[in-house]
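Peer 1: Listed in order, the protein sequences are those of chains A and B.
Heads up: the first sequence begins at 155 in the numbering used here, then just goes up one per residue.
Heads up: the second sequence begins at 155 in the numbering used here, then just goes up one per residue.
There are 2 protein chains.
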Amino acid sequence: MSEGISLEELQLAARNHGLPLEALRWDVTPVGLHYLLTHYDIPVVDTTSWRLEIDGLVERPLSISLDDLRARPAVEVVSTMECAGNGRVHVEPHVVSQPWLLEAVGTGRWRGAALAPLLEEVGVAAGAVEVLFEGLDRGVEGEEEQVYARSLPLGEAMRDDVLLAYDVNGAALPPQHGFPLRLLVPGWYGMTSVKWLARIRVLDRPFDGYQQRHSYRLRQEEGETGEPLSRIQVRALMVPPGIPEYLTRARVVQAGECVLEGRAWSGEAEVAGVDVSTDGGESWADAELEPDSLGRWAWRRWRYEWNAEPGEHELCCRARDDAGNVQPLESPWNVGGYANNAVQRVAVTVTE
Amino acid sequence: MSEGISLEELQLAARNHGLPLEALRWDVTPVGLHYLLTHYDIPVVDTTSWRLEIDGLVERPLSISLDDLRARPAVEVVSTMECAGNGRVHVEPHVVSQPWLLEAVGTGRWRGAALAPLLEEVGVAAGAVEVLFEGLDRGVEGEEEQVYARSLPLGEAMRDDVLLAYDVNGAALPPQHGFPLRLLVPGWYGMTSVKWLARIRVLDRPFDGYQQRHSYRLRQEEGETGEPLSRIQVRALMVPPGIPEYLTRARVVQAGECVLEGRAWSGEAEVAGVDVSTDGGESWADAELEPDSLGRWAWRRWRYEWNAEPGEHELCCRARDDAGNVQPLESPWNVGGYANNAVQRVAVTVTE
C-alpha cells in the first residue's frame with residue numbers, strides 16, 4: 155500500500171461495501187452493513203416475468219416461479235460470508251482489484267428452498283459432474299462479455315444446507331443481495347453464492363467460464379492454472395476498541411478494564427479457539443470462545459478481558475480451527491491477492 | 155486524483171458506503187444502497203434505557219422515550235440526502251478526507267415526529283437563536299474528543315418538515331442510519347441530519363463546536379472563517395448506460411435507441427430542468443423531467459432518448475433550479491472539497 159490506490163480501485167471501493175468492524179458486535183449483520191461485492195451492475199428484476207430455469211443434464215427440465223419456490227419447504231441457515239479478496243490491500247506487492255482491507259464479511263439469516271430436493275425432482279442424469287449457476291448481472295471482464303456464472307461440484311450442490319435463498323434477516327432479499335433469488339453455499343467464499351439467479355444447469359464437464367477459469371484461483375504466476383478457491387479460510391476479527399480519530403481511524407482507549415471482542419469463523423472446520431496478543435504478537439493468551447448458538451456456519455463471538463495500561467499497544471487476534479488451520483502472521487502472496495487471512499493488527503493509544 | 159488515494163482515505167472509503175449509480179433507478183433507495191457517512195463508530199443503542207433529552211433555553215425541559223415519540227402524530231417525508239463532500243475526488247488540488255466520487259446520495263421515505271410541535275411544547279424561551287442536536291457517536295477530530303453535534307438556526311428547526319425520524323422505508327431505522335432516532339432536515343446536506351440523537355438543546359448563541367466551526371464550511375484558505383454549508387446545491391446524476399467492465403467500470407452500449415435516465419435535485423429551489431449532452435458538453439438538449447410525485451424534497455426522475463451511434467462518446471447531464479442555480483462545468487475548489495456539484499461525465503463505447 156506504499157504507493158496508494160488508483161482511481162480505478164477507488165471506483166470499486168466506492169461502490170462495493172465493507173462491514174464497518176464495529177458491526178462485528180451484531181450476531182446477525184443488519185441489512186446495509188453486510189459486505190457487498192458486485193462485479194457488474196445491480197440488475198432490476200421484474201418478478202412477474204422472472205423464472206428460474208433448471209436444465210442441462212437433467213431428466214425433467216423445470217421452469218419455476220418465485221411463488222412456487224416460496225411454496226416449497228423453507229430452510230433457514232445463519233451463515234457468515236466472506237469475500238475471497240478480503241485482506242487484499244495488505245498483500246505485497248500490491249494487487250490491483252477491489253481494495254479490501256479486512257471488512258469484506260457479514261453474517262445473514264438466509265431463508266429459502268433447499269437445492270438438493272429440486273435437483274432430485276428434475277433428475278440429475280448419469281454423467282453429471284457439476285452444477286452451474288447463472289446470474290442476471292452482465293458485464294465485461296477479461297475482454298469477455300458475460301453473465302456472472304459459477305459452478306459447484308455435484309457433491310457440494312447436493313449438501314442439505316445449500317439454499318436458493320429469497321429472504322435475508324426476515325425480509326425479501328434487497329436488490330443488492332440478489333433479489334429475487336440467490337444461491338447460498340455456507341462455508342464457501344462469497345463468489346460461489348451467485349446473486350440474481352436465473353438459471354441452473356447440470357453439466358457433464360467442469361465449467362470453464364471466466365469466473366472459474368481465470369478469477370478466484372490461487373496462482374503464484376500469471377498464466378498458470380492454479381488452484382480454485384472454495385472454502386473460507388479460518389479468521390478472527392476484532393471490534394477496534396475505544397473511539398476513533400475521524401481521518402486516521404487511530405484508536406484511543408481509556409486505561410483500565412477493557413473487553414476486547416470479535417468474531418471468528420472457518421469454512422474448513424469448527425473454530426477451535428482464538429488467541430489474543432496485546433503486544434504485537436510477542437505473547438498470546440486464550441480468548442473466551444462462545445458456543446455456536448447460531449449454528450455451524452455462523453461466526454462465533456469471542457471476548458478477552460484486557461487491563462489496558464497507558465501507552466501504545468498493538469492488539470492482534472488469531473483463530474485456529476479443528477482441521478489444524480491457523481492464521482498466518484504475515485500475508486501470503488498470490489496473483490489475485492486472494493484468501494489473505496493474516497492476523498489483524500489494531501494499534502491503540504491508551505490514555506489515563 | 156493523479157497521485158492516487160492514501161491508505162487513510164481508503165480506510166474511510168471502505169467503511170463509508172456510496173450509492174452504486176445504477177441504483178438511481180429506484181424512486182426510494184433500498185436500505186443498504188443509500189449513502190452512508192459515519193464520522194466515528196456506529197453506536198449500539200439499548201432502547202430500554204435510551205431517552206431523548208430536550209433542554210437548554212426552554213421553559214419545560216423534557217425527557218422523552220421512543221414509545222412516547224412514536225405515540226405522537228407521525229409525519230412522512232420522502233427526502234433526498236447528499237453528503238456535502240460528494241464529488242470531492244474531482245476537486246484539484248486533491249483534498250484529503252472521505253474520497254467520494256459522485257455516489258454520496260440517496261433517497262429515503264423517512265417517518266417520525268415533527269420537531270416544531272415538540273419545541274412548542276417545551277416552550278422556547280426569549281433569546282433563543284439556535285437548536286443543537288447531539289448524537290451518541292463519539293470520536294476524536296481536530297484533536298478534540300467529541301460527540302457528533304450540529305446546530306440549526308431556530309427558524310429552520312421550526313420548519314414543519316423537519317423530523318425526528320424513527321423509521322425509514324417502512325421499518326425502524328437500521329443501526330447505520332441512526333437507530334433509534336435521527337434528525338432529518340430535508341434540503342440540507344447530510345451532516346445536518348444528526349444520527350443516534352440523544353439530546354436537543356436550545357441555545358442563546360450560535361454553536362461553535364468542531365463540526366460547525368471547523369468542518370462543513372466553504373473556505374478558500376485554511377484559517378479563514380468561511381461560510382457554513384447548508385442547502386444541497388443543484389445536481390443531476392445519470393445511471394451509467396449499457397454494461398460495465400469490472401475493473402475500469404468503462405461502459406459498453408449497444409448501438410441504437412438508448413434511454414438515458416437519472417435523477418435531479420436541489421435543496422435551494424425546485425428543479426427547473428435537466429440538459430443532456432452526448433458530445434462532452436459541446437451541445438446540450440432538454441431531458442424530459444418527470445413530475446415531483448414524491449414531494450418537494452425528493453429527487454426527480456429525468457430521461458432522454460439517445461440514438462447511440464458506434465464510437466466513443468462522453469455523456470453529461472446538467473440540472474438547473476428555479477432559483478437560477480445551474481451546475482458548473484468545472485469543479486470549484488475549497489479547502490474542504492465541499493459542495494462540488496460539477497457536471498457528471500460518463501465515457502461510453504458504443505458498439506455495433
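By construction, the Cβ of each residue, glycine as well, lies at the ideal position given by its N, Cα and C atoms.
Terminal residues of the continuous beta strand (DSSP E) containing Val502(B)?
Peer 2: Where Val502(B) is concerned, the enclosing beta strand (DSSP E) stretches over 498-505.
Peer 1: Compare the C-beta of Tyr400(A) against all C-beta atoms of chain B and say whether one is closer than 8 Å.
Peer 2: At least one chain B Cβ lies under 8 Å of Tyr400(A).
Peer 1: Taking the continuous alpha helix (DSSP H) assigned at Leu220(B), which residues delimit it?
Peer 2: From DSSP, the alpha helix (DSSP H) with Leu220(B) extends over 220-225.
Peer 1: Is the beta carbon of Glu422(A) closer than 8 Å to that of Ala477(A)?
Peer 2: Yes. Within cutoff.
Peer 1: Nearest chain A C-beta to Ile386(B) closer than 8 Å, yes or no?
Peer 2: So, not an interface residue.
Peer 1: Is it the case that the Cβ atoms of Glu411(A) and Asn479(A) are separated by a distance below 8 Å?
Peer 2: No, the Cβ-Cβ distance between Glu411(A) and Asn479(A) is not below 8 Å.
Peer 1: Using a beta-carbon distance cut-off of less than 9 Å, what residues from the stretch 182-216 of chain B approach chain A?
Peer 2: The stretch 182-216 of chain B vs chain A, Cβ under 9 Å: Pro184, Val185, Gly186, Leu187, His188, Leu190, Thr192, His193, Tyr194, Asp195, Ile196, Pro197, Val198.
Peer 1: If you measure between the beta carbons of Ser347(B) and Arg355(B), is that distance less than 8 Å?
Peer 2: No, they are not a contact pair.
Peer 1: Can you look up Leu306(A) in the DSSP assignment and give me helix, strand or coil?
Peer 2: In this structure, Leu306(A) counts as strand in the three-state DSSP scheme.
Peer 1: Can you give me the Cβ contacts of Cys237(A) inside the same chain, cut-off strictly under 8 Å, excluding the 5 residues immediately before and after it?
Peer 2: Taken in chain order, the residues that qualify are Tyr189, Leu191, Gln252, Trp254, Ala258, Val259, Tyr343, Gly344, Met345.
Peer 1: Name the residues in the stretch 254-284 of chain B whose C-beta lies less than 8 Å from a C-beta of chain A; which are they?
Peer 2: Cβ contacts with chain A come from Trp254, Leu255, Glu257.
Peer 1: By the three-class DSSP mapping on this structure, what secondary structure does Arg313(A) have?
Peer 2: Coil.
Peer 1: For Pro398(A), which of helix, strand or coil comes out of DSSP?
Peer 2: Pro398(A) falls in the strand class under three-state DSSP.
Peer 1: Going by beta carbon distance, what residues of the same chain come within less than 7 Å of Glu381(A), once the five residues before and after it are set aside?
Peer 2: These residues qualify, in order along the chain: Arg371, Leu372.
Peer 1: In angstroms, rounded to a whole number, what distance separates the CA positions of Ala319(B) and Pro394(A)?
Peer 2: Cα-Cα distance, rounded: 29 Å.
Peer 1: How about Leu469(A) and Val502(A): do their beta carbons lie closer than 8 Å?
Peer 2: Yes. Within cutoff.
Peer 1: Name the chain B residues whose beta carbon is nearer than 9 Å to that of Ala501(A)?
Peer 2: None at all; the shortest Cβ gap to chain B is about 12 Å.
Peer 1: Would you mind listing the beta strand (DSSP E) stretches within the stretch 209-294 of chain A that are 3+ residues and don't spill past its ends, in chain order?
Peer 2: As far as the stretch 209-294 of chain A is concerned, its whole beta strand (DSSP E) runs of at least 3 residues are 216-218, 228-236, 259-268.
Peer 1: Using 10 angstroms around the beta-carbon of Val229(A), count the other beta-carbons present and answer buried if the total reaches 16, otherwise exposed.
Peer 2: Val229(A) is buried by the Cβ-count criterion.
Peer 1: Using only the alpha-carbon positions, how far apart do Ile110(B) and Ser203(A) sit?
Peer 2: This structure gives no information on residue 110(B), because the portion of chain B shown stretches from 155 to 506.
Peer 1: Name, please, each residue of chain A whose Cβ falls closer than 8 Å to the Cβ of Pro328(B).
Peer 2: Ordered by position in chain A, the residues that pass the 8 Å Cβ test against Pro328(B) are Pro184, Val185, Gly186, Leu187.
Peer 1: Please say whether Leu273(B) and Ala311(B) have beta carbons closer to each other than 8 Å?
Peer 2: Yes, Cβ-Cβ distance for Ala311(B) and Leu273(B) is below 8 Å.
Peer 1: Please go through the same chain and pick out, in chain order, the residues whose beta-carbon is closer than 7 Å to the beta-carbon of Arg205(B), but skip the five residues on each side of it.
Peer 2: Closer than 7 Å at the Cβ level, and outside the excluded window around Arg205(B), lie Ser217, Ile218, Ser219.
Peer 1: Tell me whether Asp291(B) is buried or exposed, calling it buried when 16 or more other Cβ atoms sit within 10 Å of its Cβ.
Peer 2: Buried.
Peer 1: Give the range of the beta strand (DSSP E) segment to which Glu436(A) is assigned.
Peer 2: Unbroken run through Glu436(A): none, as it is neither H nor E.
Peer 1: With a threshold of 8 Å between beta-carbons, can Pro174(A) be considered close to chain B, or not?
Peer 2: Yes, because at least one Cβ of chain B sits closer than 8 Å to the Cβ of Pro174(A).
Peer 1: If you compare alpha carbons, which of Asp314(A), Leu178(A), Leu286(A) is closest to Arg455(A)?
Peer 2: Considering only alpha carbons, the answer is Leu178(A).
Peer 1: Among Phe361(A), Arg242(A), Ala441(A), which one has its Cα closest to the Cα of Cys471(A)?
Peer 2: Answer by Cα proximity: Ala441(A).
Peer 1: Determine the direct distance from the alpha carbon of Val182(A) to that of Pro174(A), and round the result to whole angstroms.
Peer 2: Between Pro174(A) and Val182(A), the C-alpha separation is close to 14 Å.
Peer 1: If you reduce the DSSP assignment to three classes, tell me which class Glu466(B) lands in.
Peer 2: Strand at Glu466(B).
Peer 1: Can you tell me the Cα-Cα spacing of Leu357(A) and Phe287(A), whole angstroms?
Peer 2: One C-alpha to the other measures close to 11 Å.
Peer 1: Taking 7 Å as the cut-off, does the CB of Cys471(A) come closer than this to any heavy atom belonging to the ligand SAM?
Peer 2: Inclusion of the ligand SAM in the displayed structure is not the case, the ligand content being empty and no account of it being possible.
Peer 1: Run down chain B in chain order and give the residues with a C-beta less than 7 Å from the C-beta of Gln366(A).
Peer 2: None at all; the shortest Cβ gap to chain B is about 15 Å.
Peer 1: Could you tell me whether the Cβ atoms of Glu484(B) and Ala493(B) are closer together than 8 Å?
Peer 2: No, they are not a contact pair.
Peer 1: Extract the residue ranges of the beta strand (DSSP E) inside the stretch 311-365 of chain B, only unbroken runs of 3 or more that lie entirely within it.
Peer 2: Listed in chain order, they are 317-322, 336-338, 351-357.
Peer 1: Whole angstroms are fine: how far does the CA of Gly490(B) sit from the CA of Gly332(B)?
Peer 2: About 25 Å.
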